[in-house]
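Visitor:
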Amino acid sequence: MSFYTDPDIARRAETMEQTIRTYFDGCNEADSGKIMSCLTVEAVHYFPPRMYRGPFRGARTVADRWIEAVNEMGSYWSIDTLLIEPISYRAVMEWTHFKTKHNKMLRGDEWYEFDPASGLIKEIRAYYASPQASDLTVLELGDFDYAGRGYPAAPPPGAR
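Basically the numbering used here = 1-based index in the sequence shown + 405.
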């Protein structure tokens, strides 16, 4: 059920949600074709620094890396909360990642940006609920262009 009264926006919201759910089904099934069918060819999946050898660049790389995680760690992901914002082609989701072969579980959330022309996921930004790296002074996604996107690099003058 959609909260949007405009039928085009409501359809877009449903399509975006289905794309994310199909992506996760593909990850859990280690299905390369299903994963790549949800992503633009040049999609990028960002992570915190020093995680997973850096960002996954390209739909093929995203698929290959998640299939590797399933095979090596017994990875399985659940979608815990999913919010869709179809007007800006964005979504945010909380997830749980079970690494069954390592008896580990981690939680986090991801921001999704969709390509308006294709309706596919063009960017995923992963944020983890884990301890901060004590040796880093700047804790942000590795190789993500914060400055280029207008994110602040310092607090405003006079802030504590």
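Every residue gets a Cβ at the ideal spot worked out from N, C-alpha and C, and that includes glycine.
With residue 500 and residue 432 assumed to form a contact (beta carbons below 8 Å), what rounded beta-carbon distance in angstroms separates them?
Guide: Against the sequence shown, residue 500 aligns to sequence position 95. Against the sequence shown, residue 432 aligns to sequence position 27. Not quite, the Cβ-Cβ distance comes to about 10 Å (not below 8 Å), so this is no contact.
Visitor: Residues in its own chain within less than 7 Å of residue 513 by CB, not counting five upstream and five downstream?
Guide: Position 108 of the sequence shown, counted from the start, is the residue given in the question as residue 513. The answer, listed in chain order, is 500, 531, 532, 533, 534.
Visitor: Which residues in the same chain have their Cβ closer than 6 Å to the Cβ of residue 429, if we skip the five residues on either side of it in sequence?
Guide: The residue given as residue 429 occupies position 24 in the sequence shown. 482, 484.
Visitor: Rounded to whole angstroms, what is the Cα-Cα separation between residue 436 and residue 468?
Guide: Position 31 of the sequence shown holds residue 436. Position 63 of the sequence shown holds residue 468. Answer to the nearest angstrom: the Cα atoms are 8 Å apart.
Visitor: May I ask which residues mark the beginning and end of the alpha helix (DSSP H) holding residue 468?
Guide: Here residue 468 is taken as the residue at index 63 of the sequence shown, counted from 1. Residues 464–478.
Visitor: Using beta-carbon positions only, say whether residue 446 and residue 464 come within less than 7 Å of one another.
Guide: Counting from 1 along the sequence shown, the entry for residue 446 is found at position 41. Counting from 1 along the sequence shown, the entry for residue 464 is found at position 59. In contact: residue 446 and residue 464 (Cβ atoms closer than 7 Å).
Visitor: Which one of 541, 494, 502 has the shortest CA to CA distance from residue 518?
Guide: One-based indexing of the sequence shown puts residue 518 at position 113. Ranking 541, 494, 502 by Cα distance to residue 518 puts 494 first.
Visitor: For residue 498, which residues from the same chain have a beta carbon less than 8 Å from its beta carbon, with the 5 sequence-adjacent residues on both sides left out?
Guide: Taking the sequence shown and counting its residues from 1, the one referred to as residue 498 is at position 93. Closer than 8 Å at the Cβ level, and outside the excluded window around residue 498, lie 425, 484, 485, 486, 487, 488, 514, 515, 517.
Visitor: Quick check on this structure: which residue in 563, 546, 562 has the alpha carbon closest to the alpha carbon of residue 456?
Guide: If you number the sequence shown from 1, residue 456 lands on position 51. For the residues 563, 546, 562, the minimum Cα distance to residue 456 belongs to 546.
Visitor: Quick check on the DSSP output: the alpha helix (DSSP H) that includes residue 418 runs from which residue to which?
Guide: Along the sequence shown, one-based indexing puts residue 418 at 13. Note, residue 418: alpha helix (DSSP H), 412–434.
Visitor: What three-state label does DSSP hand residue 559 in the structure shown?
Guide: Residue mapping note: residue 559 aligns to position 154 of the sequence shown, counting from 1. Residue 559: coil per DSSP, three-state reduction.
Visitor: For residue 562, which residues from the same chain have a beta carbon less than 6 Å from its beta carbon, with the 5 sequence-adjacent residues on both sides left out?
Guide: Translated into positions along the sequence shown, residue 562 becomes position 157. Cβ within range, chain order: n/a, list empty.
Visitor: What's the C-alpha gap between residue 416 and residue 466?
Guide: For the purposes of this step, residue 416 is taken as residue 11 along the sequence shown, with counting starting at 1. For the purposes of this step, residue 466 is taken as residue 61 along the sequence shown, with counting starting at 1. Near 29 Å, if we compare the C-alpha coordinates of residue 466 and residue 416.
Visitor: Short of 6 Å in beta carbon distance, which residues of its chain neighbour residue 511, apart from the five on each side in sequence? Order them along the chain.
Guide: If you number the sequence shown from 1, residue 511 lands on position 106. So the qualifying residues of the chain are 502.
Visitor: Let me make sure I understand the geometry here. Which of 525, 507, 560 has the alpha-carbon closest to that of residue 423?
Guide: Within the sequence shown, residue 423 is the residue found at index 18, counting from 1. Per the Cα distances, 525.
Visitor: Take the Cβ of residue 408 as the centre, count every other Cβ of all protein chains shown within 10 Å, and call the residue buried at 16 or more, exposed below.
Guide: By one-based count along the sequence shown, residue 408 stands at place 3. Counting Cβ neighbours within 10 Å, residue 408 comes out exposed, since fewer than 16 surround it.
Visitor: Just verifying my parser: in three-state terms, what is the DSSP assignment at residue 513?
Guide: Position 108 of the sequence shown, counted from the first residue, corresponds to residue 513. Of the three classes helix, strand and coil, the one that applies to residue 513 here is strand, per DSSP.
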